[in-house]
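Counting in the working numbering, the sequence shown runs from 65 upward without gaps. From the three backbone atoms N, C-alpha and C, an ideal C-beta is built for every residue, glycine too.
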Amino acid sequence: MNRTLKVMPAASFAKSVGKSAGGLVAMFVGLFAGLALAAEVGGLRLDDKVSIGAQELILNGAGLRTRVVFKVYVASLYLPQKATELAAVLAKSPRRIQLNLLRTLSADQLVEALNEGLTENNTTAELAAVKPQVDQLATIMKSFKEVKEKDVITLDFVDGATRIGLNGEGKGSIGGDAFNQALTKVWLGEKPVQADLKKSLLGV
Numbered sequence: 065m066n067r068t069l070k071v072m073p074a075a076s077f078a079k080s081v082g083k084s085a086g087g088l089v090a091m092f093v094g095l096f097a098g099l100a101l102a103a104e105v106g107g108l109r110l111d112d113k114v115s116i117g118a119q120e121l122i123l124n125g126a127g128l129r130t131r132v133v134f135k136v137y138v139a140s141l142y143l144p145q146k147a148t149e150l151a152a153v154l155a156k157s158p159r160r161i162q163l164n165l166l167r168t169l170s171a172d173q174l175v176e177a178l179n180e181g182l183t184e185n186n187t188t189a190e191l192a193a194v195k196p197q198v199d200q201l202a203t204i205m206k207s208f209k210e211v212k213e214k215d216v217i218t219l220d221f222v223d224g225a226t227r228i229g230l231n232g233e234g235k236g237s238i239g240g241d242a243f244n245q246a247l248t249k250v251w252l253g254e255k256p257v258q259a260d261l262k263k264s265l266l267g268v
């Protein structure tokens, strides 16, 4: 039995392939664009996941810290599971607040900014209870001398202590849940360092 093979005209074939290819390209571009938007802030590409010991954390949210017209740093929050409120964040451990610097800051500027945030978001009694730890934080930060563009500060809360890191190198550990809660409120408290940054970190 002879069978007739129907050949699609070249123009029709090209048009068909073009439509299919165009659809696939559009689909993949849309997919990867969405992924990029989820983990890119201020032109900085962030990791979707990080690990603290054996625990994997996911990116909860990230935002840009500005001061007047200057971009200061990109802050990101990593948690075991997503959270949209401060109480839920504080209930999760381990957790990380990461600061990717976009400009040079002196150690004194770092300490001043943190102290201001601590004062704005904690009562006098709460601050008094963690004063030794706040002083320890200042000592660690001052040991940096300064931080420069592309430096990365990590504040990891794990096993009841806040571990401070600079560019992947451990710089000190400060014990106490109360201290870490006070520190976390600098970015996520009632009077955060920047309101829209808080929303970005919480993904709301």
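Pick from the options that is closest to residue i, judged by C-alpha positions
{"i": "A202", "options": "D223, G224, N186, I228", "result": "I228"}
{"i": "K255", "options": "Q119, Q200, L178, R167", "result": "L178"}
{"i": "A193", "options": "A147, Q245, L219", "result": "Q245"}
{"i": "Q162", "options": "D260, G239, Y142", "result": "Y142"}
{"i": "K59", "options": "T226, A242, F243", "result": "With the chain running from 65 to 268 in the structure shown, residue 59 is simply not present."}
{"i": "P144", "options": "S115, T188, M205, K209", "result": "S115"}
{"i": "R160", "options": "A171, A139, T148, V175", "result": "A139"}
{"i": "K206", "options": "L191, Y137, E190, E176", "result": "E176"}
{"i": "I204", "options": "S237, T130, R129", "result": "S237"}
Whole-angstrom distance between residue j and residue i, CA atom to CA atom
{"i": "V222", "j": "V132", "result": "34 Å"}
{"i": "W251", "j": "A118", "result": "26 Å"}
{"i": "A152", "j": "K195", "result": "25 Å"}
{"i": "G181", "j": "K146", "result": "24 Å"}
{"i": "G239", "j": "V268", "result": "30 Å"}
{"i": "D199", "j": "G224", "result": "18 Å"}
{"i": "E190", "j": "D241", "result": "12 Å"}
{"i": "E120", "j": "T188", "result": "35 Å"}
Nonlocal neighbours in the same chain, by C-beta distance under 6 Å from residue i, ignoring five residues either side
{"i": "K249", "result": "N185"}
{"i": "V216", "result": "N164, N231"}
{"i": "G253", "result": "N185"}
{"i": "L150", "result": "L252"}
Residue i and residue j closer than 7 Å at C-beta
{"i": "S264", "j": "G107", "result": "no"}
{"i": "K135", "j": "I122", "result": "no"}
{"i": "F243", "j": "Q197", "result": "yes"}
{"i": "L169", "j": "V211", "result": "yes"}
{"i": "E213", "j": "R167", "result": "yes"}
{"i": "L247", "j": "T148", "result": "no"}
{"i": "F208", "j": "A171", "result": "yes"}
Same chain only: Cβ atoms within 7 Å of residue i, ignoring 5 sequence neighbours per side
{"i": "S157", "result": "F221, V222"}
{"i": "K28", "result": "Outside the displayed range of the chain (65 to 268) lies residue 28, so it cannot be described from this structure."}
{"i": "Y137", "result": "R129, L163, N164, L165, L166"}
Chain-order list of residues whose beta-carbon lies under 8 Å from that of residue i (same chain, five-residue window excluded)
{"i": "E104", "result": "L110"}
{"i": "T183", "result": "L191"}
Environment of residue i [buried if 16+ CB atoms lie within 10 Å]
{"i": "V257", "result": "buried"}
{"i": "T218", "result": "buried"}
Proximity test, Cβ basis, 7 Å: residue i and chain D
{"i": "L121", "result": "The structure shown contains no chain D; it is built from a single protein chain."}
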